[in-house]
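In the numbering used here, the protein residues as written are 141 to 675. A short write-up of the structure that comes next.
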């Protein structure tokens, strides 16, 4: 055949030899649409969100619910309360998933410096909000302090003195606002400042004796404090030379914040938020009006809980150093800030009609013996050694002595940090965090949420990587140590089955997540035909 005919037959798919057909030539396929980039943090963020949702569901039966439980009798919402064992198991599984997701993302941030594949600041903010939302809508967990807030606010609204009378004396044992308060706190006066009780008085005026509405109104106050933390923390971090996204993740998205400030509704949220916002205003101010407004805001935080007043000292040392750092500069700033603090306290005390009785109730919490307090542990150990040595039970005396020594050691540590701030060797934010850490750890009573006094400011500082790892580990451990019911476990009733069910559930979930991640990492990257990688 002619050569031209052979070429035409081959192009048409015909075999000129008659043996078989030749597949027609194919054109190169069009390049496929670009695939979505792989985001390793997506799995961790979804894991934490799933945990938060499980916690919100479990809180309907395992939370710090009021007495009587308003969910009783409801077909759907009341179902978790009918089986506390399953509710606690679901809650603990969610707690473990949220903590694991937080650690997973924290490892990405600390090792890769908030660059891909680690989530950026916008993703971190959205993740924190999504994790907090289910806990903000669910019943309170981990503490029943909010019911004490409601009772003390009602005492204030009735014109009685909350710094003299406890809820049982002022309202009666059968009052709806008293019944849910743990017995140990029913006869104790309020240890909180006049600003907090005045805000509570306004809540009582709106909600009356409706416990549910009162709880959510106090949660709104706590969320306002968390919003102040979110506003101040990245600015303080930038001032200290730290990545703002990392500071937000370690501080605002910390499981202790989500569990005890958002879910547990502790007034530490208002105290820390006002303290940090006031410190940021004072540090960035260039005029006297600016740092005076910061001092007023810090004092307002101290009028919620007194430890926030320590921030005023570090702000004063920073301002004195800016003026020259001489003893005269220190005395001038101490005098000015002292007048500001006394003026704010006087205005709140006389303006609210509550006076200054709260100064004398600061030792209310010392009636319990906290195992997390170093000074309390040493006192109890010394008492037990005395008993073993046949010297009698002098535990109360040794506790008083070790707690006194602990307070003295904390004062010395804070004094050294203030002097180091004046000399420029320690940043004010670092000094504040370390000083509050000494106050907490050496104080007579330590609760897990007390550690946030120090942990949140220190999250904005350029701590050593070793410190960050310790902070991550400590936050993760302490987050799961407090029972969601806000009270001690009844080991005979449901401790063992709850642990077994929660452990099995968490094990299965974690194995599925790990398996999925391993498969995703092992999968080869998709190859697009016809597309040549650039040199």
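Think of the CB as a built atom: it goes at the ideal place given N, C-alpha and C, for glycine as much as any other residue.
Original post:
Alpha carbon to alpha carbon, how far is residue 548 from residue 417?
Top reply: Start at 1 with the first residue of the chain shown, and residue 548 comes out as number 408. Start at 1 with the first residue of the chain shown, and residue 417 comes out as number 277. Looking at the two C-alpha atoms, the distance is approximately 29 Å.
Original post:
Going by the beta-carbon positions, is the gap between residue 592 and residue 397 smaller than 8 Å?
Top reply: Counting from 1 along the chain shown, the entry for residue 592 is found at position 452. Counting from 1 along the chain shown, the entry for residue 397 is found at position 257. It is a contact, given that the beta carbons lie within the stated cut-off.
**OP:** Evaluate residue 168 with the Cβ neighbour count: other Cβ atoms within 10 Å of its Cβ, from every protein chain shown; 16 or more gives buried, anything less gives exposed.
**Re:** Numbered from 1 along the chain shown, position 28 holds the residue referred to as residue 168. For residue 168, the predicted structure reports a pLDDT of 47, less than 50, and the residue's modelled location is therefore unreliable. A value from the coordinates is still provided. So residue 168 counts as exposed.
Subject >> Straight-line Cα distance separating residue 302 from residue 349 >> reply: Here the question's residue 349 lines up with position 209 in the chain shown. Here the question's residue 302 lines up with position 162 in the chain shown. So the two alpha carbons sit approximately 17 Å from each other.
Subject >> Contact under 8 Å by Cβ, residue 273 with residue 385 >> reply: Counting from 1 along the chain shown, the entry for residue 273 is found at position 133. Counting from 1 along the chain shown, the entry for residue 385 is found at position 245. The answer is no: Cβ separation not under 8 Å.
Original post:
Which of helix, strand or coil does DSSP assign to residue 380?
Top reply: The sequence position of residue 380 within the chain shown is 240, counting from 1. In the structure shown, residue 380 sits in coil (DSSP, three-state: anything other than H, G, I, E or B).
Original post:
Whose CA, out of 400, 212 and 194, lies closest to the CA of residue 283?
Top reply: As a first step, residue 283 is located in the chain shown; it is residue number 143 there, counting from the start. Measuring from the Cα of residue 283, the nearest candidate turns out to be 400.
Subject >> Spatially closest choice to residue 449 from 470, 474 and 324, by CA coordinates >> reply: Counted from its first residue, the chain shown places residue 449 at position 309. With distances taken between Cα atoms, residue 449 lies closest to 474.
**OP:** Throw me the rounded Cβ distance for the residue 351 and residue 290 pair, which I believe falls under 8 Å.
**Re:** For the purposes of this step, residue 351 is identified with residue 211 of the chain shown, where counting begins at 1. For the purposes of this step, residue 290 is identified with residue 150 of the chain shown, where counting begins at 1. About 7 Å separates the two Cβ atoms, so the contact holds.
**OP:** Mind checking which residues open and close the alpha helix (DSSP H) that includes residue 292?
**Re:** Here residue 292 corresponds to residue number 152 of the chain shown, with the count starting at 1. It spans 285-297 - the alpha helix (DSSP H) in which residue 292 sits, taken as one unbroken run.
**OP:** State yes or no: is the C-beta of residue 286 within less than 8 Å of the C-beta of residue 405?
**Re:** Start at 1 with the first residue of the chain shown, and residue 286 comes out as number 146. Start at 1 with the first residue of the chain shown, and residue 405 comes out as number 265. Yes, Cβ-Cβ distance for residue 286 and residue 405 is below 8 Å.
Original post:
Buried or exposed: residue 220, going by 16 or more other Cβ atoms within 10 Å of its Cβ?
Top reply: In the chain shown, residue 220 corresponds to position 80, counting from 1. Result: buried.
**OP:** For residue 423, count neighbouring Cβ atoms within 10 angstroms of its own Cβ and tell me buried if that reaches 16, exposed if not.
**Re:** Residue numbering aside, residue 423 sits at position 283 when the chain shown is read from its first letter. With 16 or more other Cβ atoms within 10 Å, it is buried.
Subject >> Boundaries (first-last residue) of the alpha helix (DSSP H) holding residue 408 >> reply: Counting from 1 along the chain shown, the entry for residue 408 is found at position 268. Where residue 408 is concerned, the enclosing alpha helix (DSSP H) stretches over 408-424.
**OP:** Classify residue 624 as buried or exposed, calling it buried when 16 or more other Cβ atoms lie within 10 Å of its own Cβ.
**Re:** Residue numbering aside, residue 624 sits at position 484 when the chain shown is read from its first letter. So residue 624 ends up on the buried side.
Subject >> 8 Å contact criterion, which residue 324 and residue 288 should meet: CB distance rounded >> reply: Indexing the chain shown from 1 puts residue 324 at position 184. Indexing the chain shown from 1 puts residue 288 at position 148. No, residue 324 and residue 288 are not in contact; Cβ-Cβ is about 11 Å, not under 8 Å.
Subject >> Pair within 8 Å by beta-carbon distance, residue 184 and residue 395 >> reply: As a first step, residue 184 is located in the chain shown; it is residue number 44 there, counting from the start. As a first step, residue 395 is located in the chain shown; it is residue number 255 there, counting from the start. For residue 184 and residue 395, no; Cβs fall outside 8 Å.
Original post:
If you compare alpha carbons, which of 298, 215, 454 and 614 is closest to residue 562?
Top reply: Within the chain shown, residue 562 is the residue found at index 422, counting from 1. With distances taken between Cα atoms, residue 562 lies closest to 454.
**OP:** Can you give me the Cβ contacts of residue 361 inside the same chain, cut-off strictly under 7 Å, excluding the 5 residues immediately before and after it?
**Re:** Counting from one through the chain shown, the residue named residue 361 turns up at place 221. 339 and 410, listed in sequence order.
Original post:
Would residue 563 count as contacting chain B if we go by Cβ distances under 8 Å?
Top reply: Here chain B cannot be found, since the structure has a single protein chain.
Subject >> Of the listed residues 559, 194 and 504, nearest to residue 277 (C-alpha basis) >> reply: Sequence index remark: in the chain shown, residue 277 carries index 137 (1-based). Residue 277 has its Cα closest to that of 194, out of 559, 194 and 504.
**OP:** Report the rounded CA-to-CA distance for residue 359 versus residue 530, giving the unit in angstroms.
**Re:** On the chain shown, position 219 is the one that residue 359 refers to. On the chain shown, position 390 is the one that residue 530 refers to. Roughly 51 Å separates the two Cα atoms.
Subject >> Proximal residues to residue 577 (C-beta, below 7 Å), its chain only, five neighbours per side dropped >> reply: Position 437 of the chain shown, counted from the start, is the residue given in the question as residue 577. Excluding sequence neighbours, residue 577 sits near 594.
Subject >> residue 375 Cβ short of 7 Å to the ligand NAD heavy atom set >> reply: As far as ligands go, the structure on display features none, and thus does not contain the ligand NAD.
Subject >> Helix, strand or coil at residue 469 [DSSP, three-state] >> reply: Indexing the chain shown from 1 puts residue 469 at position 329. Note: residue 469 maps to helix in three-state DSSP.
Original post:
When the Cβ atoms of the stretch 571-586 are set against those of the stretch 536-555, are three or more pairs found closer than 8 Å?
Top reply: yes
Original post:
What did DSSP end up calling residue 630 once you bin it into helix, strand or coil?
Top reply: Residue 630 sits at position 490 when you count from the first residue of the chain shown. The predicted position of residue 630 is uncertain, since its pLDDT is 46 and thus under 50; a value taken from the coordinates is nonetheless stated next. Looking at residue 630 - three-state DSSP - the assignment turns out to be coil, as it is neither helix nor strand.
Original post:
Would DSSP call residue 536 helix, strand or coil?
Top reply: Residue mapping note: residue 536 aligns to position 396 of the chain shown, counting from 1. Here residue 536 sits in helix by DSSP.
Original post:
Using the C-alpha atoms, what's the distance from residue 565 back to residue 388?
Top reply: Taking the chain shown and counting its residues from 1, one reaches residue 388 at position 248. Taking the chain shown and counting its residues from 1, one reaches residue 565 at position 425. Their Cα atoms are separated by approximately 25 Å.
**OP:** Assuming residue 676 contacts residue 333 (C-beta within less than 8 Å), just tell me the rounded distance between them.
**Re:** The chain is shown from 141 up to 675; residue 676 falls before or after that span and cannot be answered.
Subject >> residue 502, DSSP secondary structure in three states >> reply: Reading the chain shown from its first residue, position 362 is the one you call residue 502. Looking at residue 502 - three-state DSSP - the assignment turns out to be coil, as it is neither helix nor strand.
Subject >> Selection from 224, 206, 484 and 237 that minimises the alpha carbon distance to residue 440 >> reply: Within the chain shown, the letter at position 300 stands for residue 440. The shortest Cα separation from residue 440 among 224, 206, 484 and 237 belongs to 484.
Original post:
Using CA coordinates, which residue listed in 200, 204 and 205 is at the minimum distance from residue 215?
Top reply: Counted from its first residue, the chain shown places residue 215 at position 75. Nearest option by C-alpha distance: 200.
Subject >> Close Cβ partners of residue 189 (< 7 Å) along its chain, the five nearest in sequence each way excluded >> reply: Start at 1 with the first residue of the chain shown, and residue 189 comes out as number 49. Here the set comprises 270 and 271.
Original post:
In chain order, what residues of the same chain have a beta carbon less than 6 Å from the beta carbon of residue 558, not counting five sequence neighbours either side?
Top reply: Within the chain shown, the letter at position 418 stands for residue 558. These residues qualify, in order along the chain: 453 and 457.
Original post:
My guess is that residue 373 and residue 596 are in contact by the Cβ rule of under 8 Å, so how many angstroms apart are they, rounded?
Top reply: One-based indexing of the chain shown puts residue 373 at position 233. One-based indexing of the chain shown puts residue 596 at position 456. The pair is a contact, with the Cβ atoms about 7 Å apart (cut-off 8 Å).
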